[in-house]
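I have placed the structure first, in the form of structure tokens, so that the comments after it can refer back to it.
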Amino acid sequence: MCIISFFKENDQVLLTHNRDESISRKASLHVEKRIWEGKSYYAPVDQEKQGTWIFYNEDYIACILNGGKSAPTFTRSDYKRSRGLLLLEVMKYPNVEEFVEKEDFNDIAPFTMLIYNVKNKNTHILFWDEKQLEVNNLSDKKFVFRCSSTLYSPEKMNELQRLFPNFNEMSASEIFALHQSIQMKDGDIAPGKATTSITQIIADNSEISMKYCPFF
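Our numbering runs 389 ahead of the 1-based position in the sequence shown.
Take a look at the structure:
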């Protein structure tokens with residue numbers, strides 16, 4: 390769950406996500422339609438926890454990365470709930486403000502979460518470090534780029550961010566290809582860890598679509 394680029398221009402949105410994960414961790418081979426709290430959504434599904442790292446439905450486009458704003462100094466293996474299930478909880482609420490106010494984030498591993506509200510067109514990014522939740526309203530931003538703090542240093546994130554152009558300078562397929570060009574190969578950081586899939590969501594006023602490309 391490691392690299393995202395998010396572009397917003399007028400009523401068009403483009404979110405692309407590289408999932409960097411253990412190559413032995415199984416995920417669905419295609420996008421699935423599922424129900425959560427009575428809401429339909431579309432996502433690739435993590436077979437281990439049954440959550441996801443990216444989804445869309447009629448209300449939200451959202452994704453999650455491992456690690457908060459800064460790299461965590463210590464993590465456990467016994468958190469009460471998967472981050473991939475927490476991401477789906479967004480659908481219970483009409484807006485991000487209520488999600489932040491009412492959801493329980495205690496005993497959840499550090500994360501970075503990007504949420505785009507399809508109805509009001511607001512964009513938020515949330516950083517959780519196990520102690521404090523930082524909420525940033527980025528609705529006025531046309532471009533957001535983040536890497537997982539657990540695998541990428543701030544210097545590396547800045548280096549990768551400079552590769553990305555303005556929204557109107559490249560097509561969705563070219564942005565997807567750019568994400569492919571920076572995907573992590575097995576052994577680049579650790580044996581058995583790599584970019585296991587790239588997912589892209591394209592949305593405008595009339596429709597939302599998802600392209601999902603698994604590698605393992």
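Note that CB positions come from ideal geometry on N, CA and C, so glycine has one too.
Nearest Cα to I392 within the set A583, N484 and I597: A583. For N407, the beta-bridge partners assigned by DSSP are I392 and I587. Counting along the chain, no alpha helix (DSSP H) covers S429; the unbroken beta strand (DSSP E) around it starts and ends at K428 to A432. For M546, no beta strand (DSSP E) segment is defined; the enclosing uninterrupted segment is the alpha helix (DSSP H) at P543 to Q550. The stretch 589-596 makes no contact with the stretch 407-418; the number of CB pairs closer than 8 angstroms stays below 3. Taking every protein chain shown into account, the CB of L418 has fewer than 16 other CB atoms within 10 angstroms, so this residue is exposed. Counting C-beta pairs with one atom in each stretch, the stretch 439-449 and the stretch 497-510 have three or more that are closer than 8 angstroms, which means they touch.
When the alpha-carbon of E426 is set against those of R465, E478, G473 and R472, the nearest one is in E478. Annotation note: the stretch 451-520 contains the following uninterrupted alpha helix (DSSP H) runs of length 4 or greater, listed N- to C-terminal: 472-475 and 485-491. Between the stretch 530-541 and the stretch 457-467 there are three or more C-beta pairs closer than 8 angstroms, enough to call the two in contact.
Three or more Cβ pairs closer than 8 angstroms define a contact, and the stretch 431-443 falls short of that threshold against the stretch 480-487. Secondary structure at L540: coil, using DSSP grouped into helix, strand and coil. In this structure, T405 is the residue among N399, T405 and K397 with its C-alpha nearest to the C-alpha of Y601.
When DSSP states are grouped into helix, strand and coil, S598 belongs to the strand group. With 16 or more other CB atoms across the displayed protein chains lying within 10 angstroms of its CB, G457 is buried. A direct Cα-Cα distance of roughly 21 angstroms separates E548 from M502. Inter-residue distance for Q572 and N407 is about 7 angstroms (C-alpha atoms, whole angstroms).
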